[in-house]
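See structure below.
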Amino acid sequence: MKKMALGLGTGLAAGLLAAMAVMNVGAAVNRQTKEITRESAKAAALEHAGVGEDDISYIRVETDYEDGRQVYDVEFFTKDYKEYDYEISAADGSVVSCDYDAETSFRRNRSEEGETASVTEEQAKAAALEAAGVSESQVEYFRMHRDRDDGRIVYEGEFYSGGMEYEFEVDGTTGQVTDWDVERY
């Protein structure tokens, strides 16, 4: 009987020690996977966009899941009618994706033959590369075409650089990047 009690006591002690070890490992993992705050996600998006808090007319920050990982959806509008949408990793604060739209009225430059673009394809390409902060030599693939959108001439395209896919639209009259989307590929 003593042997059985000793065996049960040893087994219980070993089980208790194993459970405590698992709890301690779990606690260590939880400490290591501490997530960033909503305020940190907001700050990361604003910094990436180069926009100060004083320039914002509206901002929304919500948690979401993207491809199995938690992200913060950060959407904000500037006082000059630009819209930004960001997905910020909740794990480390990195930018998962971003999208930019300029919500402004556009000038039209018309001639007798119809609307003409005052911006060349090379200028539109330069505007898109400048928005991404990359040089032409860093681009792996670049595609762009001239199109009409809401009665105005635009240059639409995409390019790949540094593990990122960039989609853009450049106004053919002003040379302003009016639509912007960036994602990892």
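Taken in order, the sequence shown gives residues -27 to -1, 1 to 158; the numbers are from mature numbering (1 follows the signal peptide of the UniProt record, and there is no 0). For glycine and all other residues, C-beta sits at the position ideal for the given N, C-alpha and C.
Where does residue i land, buried or exposed, given buried means 16+ other C-beta within 10 angstroms?
{"i": "Tyr73", "result": "buried"}
{"i": "Ala64", "result": "exposed"}
{"i": "Asp93", "result": "Correcting the residue identity first, residue 93 is Thr in this sequence and not Asp. So Thr93 ends up on the exposed side."}
{"i": "Gly145", "result": "buried"}
{"i": "Glu142", "result": "buried"}
{"i": "Tyr128", "result": "buried"}
Could you spell out where the alpha helix (DSSP H) holding residue i opens and where it closes?
{"i": "Lys15", "result": "Arg11 to Ala22"}
{"i": "Ala75", "result": "No alpha helix (DSSP H) holds Ala75; the beta strand (DSSP E) holding it covers Val68 to Ala75."}
{"i": "Glu26", "result": "Taken as a continuous stretch (DSSP letters only), Glu26 belongs to no alpha helix (DSSP H), as it is neither H nor E."}
Name the one or two DSSP bridge partners that residue i has.
{"i": "Glu129", "result": "His118 and Glu142"}
{"i": "Ser134", "result": "Met137"}
{"i": "Val155", "result": "Cys71 and Tyr139"}
{"i": "Val92", "result": "Its beta-bridge partners do not exist; DSSP assigns none."}
{"i": "Val107", "result": "Paired residues: none, contrary to the question."}
{"i": "Val112", "result": "Answer is none; Val112 lacks a bridge partner."}
Taking the continuous beta strand (DSSP E) assigned at residue i, which residues delimit it?
{"i": "Lys55", "result": "Lys55 to Ser62"}
{"i": "Glu39", "result": "Ile29 to Glu39"}
{"i": "Glu48", "result": "Arg42 to Thr51"}
If distances are taken between C-alpha atoms only, which option among the options comes closest to residue i?
{"i": "Tyr139", "options": "Asp65, Ser30 and Phe115", "result": "Phe115"}
{"i": "Val155", "options": "Val24, Glu35, Val68 and Asp27", "result": "Val68"}
{"i": "Asp58", "options": "Asp40, Thr51, Gly23 and Val47", "result": "Val47"}
{"i": "Asn60", "options": "Arg33, Glu131, Ala75 and Thr51", "result": "It should be pointed out that residue 60 corresponds to Glu in this sequence rather than to Asn. Ranking Arg33, Glu131, Ala75 and Thr51 by Cα distance to Glu60 puts Arg33 first."}
{"i": "Asp37", "options": "Tyr31, Tyr45 and Thr147", "result": "Tyr45"}
{"i": "Gly25", "options": "Lys52, Ala99, Glu8 and Gly41", "result": "Lys52"}
{"i": "Ala104", "options": "Arg125, His118, Tyr54 and Ala75", "result": "Ala75"}
Under 8 Å by Cβ, that's how I've got residue i and residue j pegged, so tell me the actual separation to the nearest angstrom.
{"i": "Ser134", "j": "Glu113", "result": "6 Å"}
Could you tell me if the beta carbon of residue i falls within a distance shorter than 8 Å of some heavy atom in the ligand FMN?
{"i": "Phe50", "result": "Among the components modelled here there is no ligand, and therefore nothing to report on the ligand FMN."}
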